[in-house]
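Engineer: Before I ask anything, here is the structure I am working with.
Protein chains: 4
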Amino acid sequence: MVGGGPGSLIGKVHAMGAMLDGQISLVCGAFSSDPEKSEIRGREYFLPPERIYPAWQEMIQREKDLPDGERMDFLCIATPNHLHYGPARMALENGFHVVCDKPLTHTAEDARKLVSLVEKTGLLFVMTYPYVAYPMVKEARARIDDGQLGKIRKVVVEYPQGWLSAPVEKAGNRQALWRTDPDRSGPGGAMADIGVHAFYLAEYVTGLQVTALMADLNPVVPGRRLDDDGNILLRFSNGAGGVLFATQIAAGEENDVNIRVWGEKGGLEWHHHDPNRLILRIEGEPVRVLRPGHSEYLFHGAMYASRLPAGHPEGYIEAFGNIYRQVAACIRARYRGADPSPEESDLPNIYTGLRGMLFQEAALASSADRQWVTMP
Amino acid sequence: MVGGGPGSLIGKVHAMGAMLDGQISLVCGAFSSDPEKSEIRGREYFLPPERIYPAWQEMIQREKDLPDGERMDFLCIATPNHLHYGPARMALENGFHVVCDKPLTHTAEDARKLVSLVEKTGLLFVMTYPYVAYPMVKEARARIDDGQLGKIRKVVVEYPQGWLSAPVEKAGNRQALWRTDPDRSGPGGAMADIGVHAFYLAEYVTGLQVTALMADLNPVVPGRRLDDDGNILLRFSNGAGGVLFATQIAAGEENDVNIRVWGEKGGLEWHHHDPNRLILRIEGEPVRVLRPGHSEYLFHGAMYASRLPAGHPEGYIEAFGNIYRQVAACIRARYRGADPSPEESDLPNIYTGLRGMLFQEAALASSADRQWVTMP
Amino acid sequence: MVGGGPGSLIGKVHAMGAMLDGQISLVCGAFSSDPEKSEIRGREYFLPPERIYPAWQEMIQREKDLPDGERMDFLCIATPNHLHYGPARMALENGFHVVCDKPLTHTAEDARKLVSLVEKTGLLFVMTYPYVAYPMVKEARARIDDGQLGKIRKVVVEYPQGWLSAPVEKAGNRQALWRTDPDRSGPGGAMADIGVHAFYLAEYVTGLQVTALMADLNPVVPGRRLDDDGNILLRFSNGAGGVLFATQIAAGEENDVNIRVWGEKGGLEWHHHDPNRLILRIEGEPVRVLRPGHSEYLFHGAMYASRLPAGHPEGYIEAFGNIYRQVAACIRARYRGADPSPEESDLPNIYTGLRGMLFQEAALASSADRQWVTMP
Amino acid sequence: MVGGGPGSLIGKVHAMGAMLDGQISLVCGAFSSDPEKSEIRGREYFLPPERIYPAWQEMIQREKDLPDGERMDFLCIATPNHLHYGPARMALENGFHVVCDKPLTHTAEDARKLVSLVEKTGLLFVMTYPYVAYPMVKEARARIDDGQLGKIRKVVVEYPQGWLSAPVEKAGNRQALWRTDPDRSGPGGAMADIGVHAFYLAEYVTGLQVTALMADLNPVVPGRRLDDDGNILLRFSNGAGGVLFATQIAAGEENDVNIRVWGEKGGLEWHHHDPNRLILRIEGEPVRVLRPGHSEYLFHGAMYASRLPAGHPEGYIEAFGNIYRQVAACIRARYRGADPSPEESDLPNIYTGLRGMLFQEAALASSADRQWVTMP
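See the structure below:
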C-alpha cells in the first residue's frame, strides 16, 4: 500500500476491505512521505520491518526484486490525489497490477498516459469506486440491462455531504486541508471529489454515457478556491436527460449517494444511507423493495456481491471488500491462465478513471463558460 | 364555481376543500360549457335549479343582480387552463373575489392585466396552490424565516409524475387530452402544469426569488407537442443555487412533490407522499422529524393549518381546505372591516399567479435558446 | 347529532366526515347536556334555531314528529361513553338509524339489549371504527380473504399513544378527565378506549375471531383507577397466535395503530402514521408496497374507499367520510328498496360493538385472575 | 476455532469479524467432526497443516503445549448448540479464554457448571450476541442509563424470521435440520435460537431484568417437535411490562430484530433491518433520529463501536467485529496487567449465557403450564 498513514481514513478502509474475505494479505507498505509515520503505521499492521518502506519508489523497486510468491501481487494507492499518478505509473512500468483510489490523476492528459501504459502492459488497473460495488447497485444495473425499465428517459443522481459546511480547513481539519487546496487536490473541488462518484454511478447503473452537460459550480464558503457545491444538467447517449448534483456544504448531510432512474416502463431508486434496499417501481404495479441475499429473485451479480443471508446488513467496508475480492479473483485467474467470470471482472477500471477526469474537465469548462459542453 | 363538470377531478377537490370546515357553501355553478352537463353536476351538489347556470357569463351577470347575503361571495375557477382568464376578468370587473386554479392565464401579458384589475378593485384573488397549504410546508417556511437554517445555500425541488408515461392522450384520457394540447393548455407542458407548483414551493419555503434559470425541457413521448419532462438549474436572489425538475413521464411515479433546502446551519426536507412529516437536519445534531399538531414545538402557522390532534393524518383535501378556510376568514374580515391575521392571509395570490407565468416563459425561452435566462 | 359540543374533537370529526362527500347534511343536534353550549355549537353549524335542541330526548321526540323528508334520517352519537346507551336505545325505539361512536355501551349486558333492538327493528346500526375504513386496511382484508397469505398464523396489533403519559387529568385536561373516570368511561381504561380499535382491526383484517386471551393490564401512572397500559396474548379461531397491546402512557407516541399479519405464504403490515401504504411480503418475492388509487392492482373495496388519484394523500377525516358515505348509500338503498353493494355495506355494526364489549370484559377478567380467558 | 466447517455461515462471520480490525489472527482450528472437512476449511484459511486439527479435544491439548506467544490466545466456539459445553469446559480447564456462540449450553444446570469454572479460573468468557454490539444499540442503553427516558414503563422486543416457514428441514436444509432436532438443538426451538437474542437485547438496553413471564409457544409447522413461534408477556424488575415475540415461521420476514422501549419521558426504537438509526421520541419534542459517527451528540460507547465517519454504513460483520475488537483489547489489557476500559469490557459474558438458559427454561415451563413463571 502507498499512503494510508496515521490519520488516514481511506487507508484503513482499503485494508479492512482487502482482508475481509481472507483472500488478500497486506505484505508491505510505504504509508507516508514521512518515514517515521510509515514505520508507525506498518507496525500497527504487524508488518515485518524490512517491508515497511520509507518511500513508494523504494518499495516498488525492492518488491520487484523479491522472488516469485514473496513479492506483492499488486499495489494499492491510497494517497491524496496529487500522489496517484507517480506510483501508478511506476507500478505499471515495473509489472505490478494497480488498485487506485479515485481520482485517477490531476488531468485527463495524465490519465491518458496511464491508459496507454495499461493497454501496453496488459496489467490489471482497478479504481476503487465503492458505490457501484454494493449488491443493490449491481442489481439496479442488471435490471436495467435486462430491459425491465424499458428505454431510459431520465436520471437523477446526487451526492450531498455537509462536512465542508463551515471553513473547517481553517480550523486544521487535515482531510479538509488537502481537499480544498488546488495543489494537492487538483483543479476540481466537490465535483471532482464526490461528483465523480455520482457521475460514474449514473453511467454504471444505466449502461449509458453522458454526452453533454451544463454545469453550475458554486464555491459557497467564502475564501474557498475550489467549488464546494454544484448542479449539473446531463444528456445521455440515448437522448435521456438528467440531473447531477454534488455538494459538500449541505449542512446536516452525512454522505448520502442517491440515484433515481426512470425508463419507459418504470423507475428505480437507491440510497446509500440504507444501501441494502433497491426500490423498483413498474408502472401499474405495486412498488417493490428488493434486498440482498434473495437468490429467488436477484440477478447473479447481486448475489455474488453479498456474503450473508437476507436480513444481515452489510455496508461500506463490505462494498470495498467486494472490489478486493474481485481483484483477488482476477489475479488468481491470471495465474491459472483463465478468464475471470463476468461477476469477477465487473470492476471500475482505467477507462472509468479516465472518464472521471473527462467529466471533471467538462464540468469546470461548462461552469466557467456558462454553456453546454459535450463529452467524448 | 366555474368548471368542475362531470369527469373533473379538481372541481370535486375544490368543493370538498371549500366545504370541509363548514364555513363555505356551494351556492351556484356553471360547471360545464355544455349546459346539460352543468345541470347534471349542479343536481349532484343539490343546488336549486335556478342557480345552476348554462354558462359562466350568465352566472356572473345574474349573481351580481341578487340581493346582498344571497349572491355568491366569490367565484371559484376550476376550468381547463385556457378558460381561466375570461371568468377571472369578468368576476373582478363585477365585484367578485376570485379563487382560481393555476395557471393564472396562458401568457404573462394576460396575467399582468389581471394584476392591474386586482390592484384597481382591491378584490381578493387567491390561487389554489395546495402544496404550500400543508402544515409541514408552512412550518418549513417559518423555520427558515426564523433563521434556523442560516443563510440559504441550495434548493432542490422536484415534481415527478408518471401518468403521461405512455401516450394516453391517444387512448382518450380526457385529462391528458387537454393537457397535451397547446390550444387548451397553453405553450407549456409539464413545466407549466406541475413545474410551477415546484417553483412556487421553492420560493414560498425559502422566501427567496429565482433570479435566473437554465432549463432543459424534453418532450420525451414521441408525438407530443408540449414538454412532458424537464430539468432546470436555478439561481436565487441571495446567490443560492438550485435544481428544479418536473416530469410527467417518470413511469411508476404517482404525484410526489419534494423539496430539500440547505442553509449554513442545516437543511430540511418535505415529501408529498408522506406530507405529515418535516425532516430537519441541523449540523451536529440528531435529525429531527416534525409532525403536525404539536403546539409544543410548531410555529403558529403550522398549528393553524391542521384540524386534528397529533397522529391523525390529514391530506390533500385538507390542504385545499386550508386555502378555503383562509379565504372565508379573509372575506369575513372584510365584512367586519378588519384585517385578517397573518395565518389567514398567508395565501397564494395574484402575484403568485404572475410569477408562475414568468417562470413558465423563462423556462421555455431558456430551453429553446440553451442558455441562462434572468427572471425579473 | 348527540354530543360533540364545544371542546369536543370527535364531534367535529363526525361532522366533517359526514359532510365530506356532499351526501349528508347536519340538520339538527343536541350537542351538550348544557343547553347553552348546545346552542353555541348549533349556531356554529349554521343550524336553524328550532333544530338546536337542549337535550337528546327532546330531539328524538320532536324529530320523529317532523314530516317525511324533513326529519333527520339517522342519529349520530358522539357523546362520552356513558351516554351512548340511552340515545341509541331511544333512537332505535323511535325508528331512527344510528351511527354510534365506540364503545357501544358500558357493559356487554347493555350491548346485548341493543343487539336485540336492532334485530327486532331492522334498523341500521353503525359503529364508527375509523381504522377499518382506510383503503389500505380494506385492501389488507381483501388480500387475506383472497388467500394471498395462505392460512393465517400470527397477528401483532398495537395501539400506542402517549397523551396520558403524565397525570394530565389532574391538570384539567377534559378529554383525560372523563376517560380516566370509571363513572363516565366504564370499567375499562386504555384497553376499552383504544385497545378495542386494535382488537377489531385484527378481527376485521384477518376475518378470524379471537377465541382466548391472556391479558396483563397495567395502571402505570400513580393514582389512576383505570388501566392506562396493557399487553395481551391472543389465540384465534383457526389456532393462530397473536399479540395485542394498547397503551396511553407510551411517552412520545402520537396515535399509531399498527397491524402485522403473517400466514403460510407471507405477511402484511399497516401503520396509521403513514396510512396510504400497505406493505406486503410474500416469501421469496420482493417486498411490495401498495398505495391507494391504483385500479390496476387494488381490490374494488380499496378503490371504493378513496376519492383521489394515486399520490394524493387522504387521512383520518376521509376514513370517517368513508363510513358516512357508506351509511348514506345504505340508507338510500333502503329508500329504493334495494340492497347496498358489498362495498357499501362493509361497515362496523352492532355485533362489532358487542364484540368490543366482550373483549373488554374478557381482558379485565383475565388480567385480574392472571389466567387465560375464552371468548364466545 | 471449533466448528465453522464447510457449509457453516456463522463460522465465516466469526472469522471475518475477528480479523476485521487486524488485531486477531486465526491460528488454528478443528472445523468439523469430520477430519477431512476440517482439513478443507483449514486450507481455505491458509492455516499451516499442523494447526488444522481433526478434533477439538486434540486441538486444545496440543495448543496448550505450544510455547508462549505461539499458542492460541482464546478458543472460539462456533459449533451447533449441543457441542458448546464440551469445548467450553475443556478450554477453561486448560487455561484458555473462550468466545462462545449462543446458547451457552443445553441446560441451565450445565450453564451453572461453566459459571463456576469461569469464576474459579478468572478466564474471559464472552458470548457472541451481536445485536447488542451495534453502535446504535449501545447508544440506546447509554441514553436510558443516563435517564433520558425516565423510569422505564414498557418494552416491546421482537425477532421475526420466515426461513422455517415451510418444512425445509424435510427438504434437506442443513441449518434447519439441526435447529429443529431436539437432540442437537436442545429442548427449545425458535425461542431458544432467536428469542434469546431478543431477551438479552431487552435486558441490555434497559438495564433491567425480567422477573416474570407468561409464554405461549406455538409449534406452527405440522410435524415439528420444537416451537417455531412464540409470544411472551414480560414483567421487569422495576414493574415495567413488556412483550417479546420470536418466530421463524413469519413468511416473508428476513431477520429483523426490533426493540421499542418507553419510559416516563419518552421512548426509543431500533430495527436491525436499518441498524444505523436510533429513533428517540421525547414527549413534546420532535422525533430524533440518531446515527453513528456523530461525536457531537453520541455517547462514547456508540462512537467506540463504529469505525467510519457518519454516513458510511456498517453492518452485521462489523457488529461481530466489535465483540472481537473488545475481546482483543481485554486480552491485551490482561497481558499488560491493566483493566480494560468500560467500552472494552462491555461484553456479553458467562452470566449473559446463563440468563439465556434460564429464560429458555422459564418460557418452556410457562407455555406448558399456561401460567406466569417467575425468573430468578
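For the record, the sequence lines run as chains A, B, C and D. Take the first sequence: its position 107, counted from the start at 1, is 115 in our numbering, and no numbers get skipped. Take the second sequence: its position 180, counted from the start at 1, is 188 in our numbering, and no numbers get skipped. Take the third sequence: its position 351, counted from the start at 1, is 359 in our numbering, and no numbers get skipped. Take the fourth sequence: its position 277, counted from the start at 1, is 285 in our numbering, and no numbers get skipped. By construction, the Cβ of each residue, glycine as well, lies at the ideal position given by its N, Cα and C atoms. Predicted model only: the values in this text are computed from it and were never measured.
1) So the candidates are A:A63, A:G37, A:M383; which of them puts its Cα closest to the Cα of R243 of chain A?
2) List, in chain order, every chain D residue whose beta-carbon is nearer than 9 Å to that of L298 of chain B.
3) According to the neighbour-count rule (16 or more other Cβ atoms, all chains shown, within 10 Å of its Cβ), is A373 of chain A buried or exposed?
4) Would you please verify whether the beta carbon of E71 of chain A is less than 8 Å from any beta carbon of chain C?
5) Name the chain A residues that come within less than 8 Å of Q379 of chain B, Cβ to Cβ?
6) Taking the beta strand (DSSP E) that L372 of chain C falls in, what are its first and last residues?
7) Taking Cβ positions only, does A313 of chain C come closer than 8 Å to chain B?
8) Quick one, which of D:R232, D:A248, D:A254, D:T214 has its alpha-carbon nearest L225 of chain C's?
9) Please identify, using Cβ separations under 8 Å, the residues of the region 202 to 216 of chain A that lie next to chain D, in order along the chain.
10) So with CB distances below 9 Å, who are the chain B contacts of Y305 of chain D?
11) Mind checking who F244 of chain A pairs with in its DSSP beta bridge?
12) Mind checking if R151 of chain C is an interface residue toward chain D, Cβ cutoff 8 Å exclusive?
13) Since A223 of chain A contacts A371 of chain A with CB under 8 Å, what's their CB separation in whole angstroms?
14) What is the DSSP secondary structure of P294 of chain A, counted as helix, strand or coil?
15) For L241 of chain C, which residues in chain D fall below 9 Å Cβ to Cβ?
16) With a floor of 3 residues, list each beta strand (DSSP E) that falls wholly inside the region 85 to 144 of chain B, ordered by position along the chain.
17) Whose CA, out of B:G12, B:Q368, B:K146, B:T113, lies closest to the CA of H22 of chain B?
18) When you compare only the Cα positions, how much space is there between P43 of chain A and R161 of chain A?
19) When you compare each of B:R187, B:F307, B:V107 to R333 of chain B by their alpha carbons, which one comes out closest?
20) Can you list the residues of chain D that M9 of chain A reaches, using a CB-CB cut of under 7 Å?
21) Do three or more CB pairs link the region 22 to 41 of chain B to the region 232 to 241 of chain A at distances below 8 Å?
22) Quick one: list the residues of chain D neighbouring S259 of chain C, beta-carbon separation under 7 Å, in chain order.
23) Please tell me whether K159 of chain C and N246 of chain C are closer than 8 Å, where the distance is taken between their beta carbons.
24) Is E352 of chain D close to chain A, meaning its C-beta is less than 8 Å from at least one C-beta of that chain?
25) Can you check which of these residues, B:P56, B:G309, B:P95, is closest to A63 of chain B by C-alpha distance?
26) Say whether the region 284 to 291 of chain A touches the region 172 to 179 of chain A, bearing in mind that this needs 3 or more beta-carbon pairs closer than 8 Å, one atom from each stretch.
27) Curious, which full-length beta strand (DSSP E) runs of at least 3 residues does the region 280 to 342 of chain C contain?
28) Taking Cβ positions only, does G170 of chain B come closer than 8 Å to chain A?
29) Nearest chain E C-beta to I325 of chain D closer than 8 Å, yes or no?
30) By how many angstroms is the C-alpha of G323 of chain A removed from the C-alpha of P283 of chain A?
31) Roughly how many whole angstroms lie between the Cα atoms of D189 of chain A and P111 of chain A?
32) Let me check one thing: in DSSP terms, what residues is Y167 of chain B bridge-paired to?
33) With a 10 Å radius around its C-beta and 16 neighbouring C-beta atoms as the bar for buried, classify H308 of chain B as buried or exposed.
34) Should D73 of chain A be labelled buried (16 or more other beta-carbon atoms within 10 Å of its own) or exposed?
35) So is K146 of chain B buried or exposed if we call it buried at 16+ other beta carbons inside 10 Å?
36) Thinking C-beta only, is N330 of chain C closer than 8 Å to V134 of chain C?
Structural biologist: Concretely, from the data shown:
1) Start at 1 with the first residue of the first sequence, and residue 243 of chain A comes out as number 235. Answer by Cα proximity: A:M383.
2) Start at 1 with the first residue of the second sequence, and residue 298 of chain B comes out as number 290. Per Cβ cutoff of 9 Å: P294, V295.
3) Working through the first sequence from its first residue, we reach residue 373 of chain A at position 365. Exposed is the call here.
4) Working through the first sequence from its first residue, we reach residue 71 of chain A at position 63. No, its Cβ sits nowhere closer than 8 Å to a Cβ of chain C.
5) Indexing the second sequence from 1 puts residue 379 of chain B at position 371. Residues of chain A passing the Cβ test: R378, Q379.
6) Position 364 of the third sequence, counted from the first residue, corresponds to residue 372 of chain C. Counting along the chain, L372 of chain C falls outside any beta strand (DSSP E), though it belongs to the alpha helix (DSSP H) covering 358 to 377.
7) Position 305 of the third sequence, counted from the first residue, corresponds to residue 313 of chain C. Using a Cβ-Cβ cut-off of 8 Å, A313 of chain C does not count as an interface residue toward chain B, since no Cβ of chain B sits closer than that to its own.
8) The residue given as residue 225 of chain C occupies position 217 in the third sequence. The shortest C-alpha to C-alpha distance from L225 of chain C to any of D:R232, D:A248, D:A254, D:T214 is the one to D:A248.
9) For the region 202 to 216 of chain A, which is checked against every Cβ of chain D, not one residue is closer than 8 Å.
10) The sequence position of residue 305 of chain D within the fourth sequence is 297, counting from 1. Within 9 Å Cβ-Cβ: G292, E293, P294.
11) Position 236 of the first sequence holds residue 244 of chain A. A:V218, per the DSSP bridge assignment.
12) On the third sequence, residue 151 of chain C is found 143 positions in, with the first residue counted as 1. Closer than 8 Å: no.
13) The count along the first sequence starts at 1 and reaches residue 223 of chain A at position 215. The count along the first sequence starts at 1 and reaches residue 371 of chain A at position 363. Right, the Cβ-Cβ distance comes to about 4 Å (below 8 Å), so this counts as a contact.
14) Here residue 294 of chain A corresponds to residue number 286 of the first sequence, with the count starting at 1. DSSP, reduced to helix, strand and coil, places P294 of chain A outside both helices and strands of the structure shown, so it counts as coil.
15) For the purposes of this step, residue 241 of chain C is taken as residue 233 along the third sequence, with counting starting at 1. L241 of chain C reaches chain D at M222, A223, D224, N239, I240, L241, V251, counting residues in chain order whose Cβ is nearer than 9 Å.
16) Whole beta strand (DSSP E) segments, 3+ residues: 105 to 108, 133 to 135.
17) Stepping through the second sequence from its first residue, residue 22 of chain B is reached at position 14. Here the closest residue by C-alpha is B:G12.
18) Taking the first residue of the first sequence as position 1, residue 43 of chain A is located at position 35. Taking the first residue of the first sequence as position 1, residue 161 of chain A is located at position 153. P43 of chain A and R161 of chain A: Cα-Cα distance of roughly 52 Å.
19) In the second sequence, counting from the first residue as 1, residue 333 of chain B sits at position 325. Proximity to R333 of chain B across B:R187, B:F307, B:V107 peaks at B:V107, based on C-alpha coordinates.
20) The count along the first sequence starts at 1 and reaches residue 9 of chain A at position 1. What M9 of chain A touches in chain D: nothing, since even the nearest Cβ is about 12 Å away.
21) No contact exists between the region 22 to 41 of chain B and the region 232 to 241 of chain A.
22) The residue given as residue 259 of chain C occupies position 251 in the third sequence. A quick correction: the sequence has Ala, not Ser, at residue 259 of chain C. For the C-beta of A259 of chain C, the chain D residues within less than 7 Å are, from N- to C-terminus, W270, G271, E272, K273, G274, G275, E291.
23) For the purposes of this step, residue 159 of chain C is taken as the residue at position 151 of the third sequence. For the purposes of this step, residue 246 of chain C is taken as the residue at position 238 of the third sequence. Yes; because the gap between Cβ atoms is below 8 Å, this pair is in contact.
24) Here the question's residue 352 of chain D lines up with position 344 in the fourth sequence. No, its Cβ sits nowhere closer than 8 Å to a Cβ of chain A.
25) As a first step, residue 63 of chain B must be located in the second sequence, where it is residue number 55. Ranking the options by Cα distance to A63 of chain B, first place goes to B:P95.
26) Segments in contact, no.
27) Counting whole runs of 3 or more residues, the region 280 to 342 of chain C contains the beta strand (DSSP E) stretches 286 to 290, 295 to 298.
28) Walking along the second sequence from the start, residue 170 of chain B turns up at place 162. G170 of chain B counts as touching chain A.
29) Absent from the structure: chain E. Protein chains present are A, B, C and D.
30) As a first step, residue 283 of chain A is located in the first sequence; it is residue number 275 there, counting from the start. As a first step, residue 323 of chain A is located in the first sequence; it is residue number 315 there, counting from the start. Distance between the alpha carbons of P283 of chain A and G323 of chain A: 7 Å.
31) Within the first sequence, the letter at position 181 stands for residue 189 of chain A. Within the first sequence, the letter at position 103 stands for residue 111 of chain A. Inter-residue distance for D189 of chain A and P111 of chain A is about 15 Å (C-alpha atoms, whole angstroms).
32) The residue labelled residue 167 of chain B in the question sits at position 159 within the second sequence. In the DSSP assignment, Y167 of chain B forms a beta bridge with B:A254.
33) Taking the second sequence and counting its residues from 1, the one referred to as residue 308 of chain B is at position 300. Exposed, because fewer than 16 other Cβ atoms sit within 10 Å of the Cβ of H308 of chain B.
34) As a position in the first sequence, residue 73 of chain A is number 65, starting the count at 1. Classification of D73 of chain A: exposed, given that the 10 Å Cβ count is below 16.
35) Indexing the second sequence from 1 puts residue 146 of chain B at position 138. When all chains shown are included, K146 of chain B counts as buried.
36) Here the question's residue 134 of chain C lines up with position 126 in the third sequence. Here the question's residue 330 of chain C lines up with position 322 in the third sequence. Result no, Cβ atoms of V134 of chain C and N330 of chain C do not sit closer than 8 Å.
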